[in-house]
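When we follow my numbering, the leftmost residue of the sequence shown carries the number 2, and every step to the right adds one.
Before any comments, here is the structure.
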Amino acid sequence: MVNILKREIVITADGSSTIRLCEEDECYHSVNGALAESLHIFINNGLKRFLAERELINGSKPECINILEVGLGTGLNCVLTAIESLKYNNLHFNYITLEKYPVTADELKSLNYENFLGRDYNLALEKIHSTPWGIEEDILPNFTLTKIMCDIKELEGDSLKERISNIDVVFFDAFSPNIQPELWSREIFEGLFSMMSGGAILITYSSRGSVKSSLREAGFTVKRLKGPSGKRHITLATRPDTFLASFYL
Ligand SMILES: C[S@@+](CC[C@H](N)C(=O)[O-])C[C@H]1O[C@@H](n2cnc3c(N)ncnc32)[C@H](O)[C@@H]1O
C-alpha cells in the first residue's frame, strides 16, 4: 500500500519543482527535470507525434482531439497541453484527467511553475485546479477540461468505459510499477484500449519489459522511443487501426 500522505516539494535538475512521496522515495516527475520530462514525453512524443501522424495519413489535422490523462497530479502535463492548444487553429482539445489523491492547496502554492509558465499561463494552471470535479469546463479558448476523481482500478470495470470513449491520446502517468505494479496491468490497459479510437496512442515514461508485455497482451502495438535526460527509453503504444489493417490484408 503506497503511503501518499507524507509528501514534500523538491526541485529537479532543470529548476522546476515536483512532489516527492517521502516514504516511497518516488517523485511525480523525473528528478532530472520535471518540465523537461513532461515536454519530451507527453507533449513532443505524445500529442505532437499523434497530430503529425494524423496529418500525414489524412492530409489535415482533426477538428477535435480527445486526450485522457491517468494521474493529474500537479497539473503540469495538463497546463502544457493547454498552452500547446493555442498554437492550433480550428482544433478543439478535450482533456479528461483521472486522479484519486488531488494535490493540496498548500502544495500548489509551493510549486514554482509560474517561473517557467509566466503569470498568464499560471492562471490557467490555477483554473485547472480550481475547476470542480466531474464537470466539463473551458480553460482556454480551444481547451476543455473534465477532471474525474476516481481510482484508476475502475478502468478494469465498466463504469468509466461508459463515460469515456473515442480517446486519441492517453498520457499514462501513474506512479511507477515499482510502487504501484497493479496499475500497469493487462486489465487496466485493456480498459484504456477499449476507450481509444483506432490509431490512437498511449505514451508513458516506463519502458519496463513487464509493462510492454501487458500493453501487448491488451492488444497494443508497442514501440520504444528515446527518453528524456537521465532515462534511456520511454514507451509508445498504438491501438491498431482496424480499418487500415483490413485494407492491407
Ligand atoms: C506520477 S504522478 C502524476 C504526475 C502528473 N501527471 C503531473 O503532471 O504532476 C501519479 C499520479 O497518479 C495519481 N494516482 C496514484 N494512484 C492512483 C489511483 N489508484 N487512481 C487514480 N490516480 C492515482 C497520484 O495521486 C499522482 O497524482
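Ideal Cβ positions, reconstructed from N, Cα and C, are used throughout, including at glycine.
Counting along the chain, no beta strand (DSSP E) covers E127; the unbroken alpha helix (DSSP H) around it starts and ends at R120 to S131. Contact check for E85 and L48: beta-carbon distance about 6 Å, within the 8 Å limit, so the pair qualifies. According to the DSSP assignment, R217 belongs to the alpha helix (DSSP H) that extends over G210 to E218. Beyond the five residues adjoining it in sequence on each side, G220 comes within less than 6 Å, by CB distance, of F194 in the same chain, given in chain order.
The beta carbon of T147 sits closer than 6 Å to the beta carbons of I97 and E137 from its chain, once the five residues preceding and following it are set aside; these are given in chain order.
Under the DSSP assignment, R55 falls outside any beta strand (DSSP E), being part of the alpha helix (DSSP H) whose first and last residues are R50 to N59. Around the C-beta of N78, 16 or more other C-beta atoms lie within 10 Å, and the residue is accordingly described as buried.
In the DSSP annotation of this structure, E100 is not part of any alpha helix (DSSP H); the continuous beta strand (DSSP E) holding it starts and ends at H93 to E100. Beta-bridge pairing by DSSP links N67 to N95. Per DSSP, the unbroken beta strand (DSSP E) holding R225 starts and ends at T222 to K227.
The Cβ-Cβ distance between S111 and I10 falls below 9 Å. With the rule of 3 Cβ pairs closer than 8 Å, the region 159 to 176 counts as touching the region 60 to 67.
Cβ neighbours of C151 within its own chain (closer than 6 Å, five residues either side excluded): L99.
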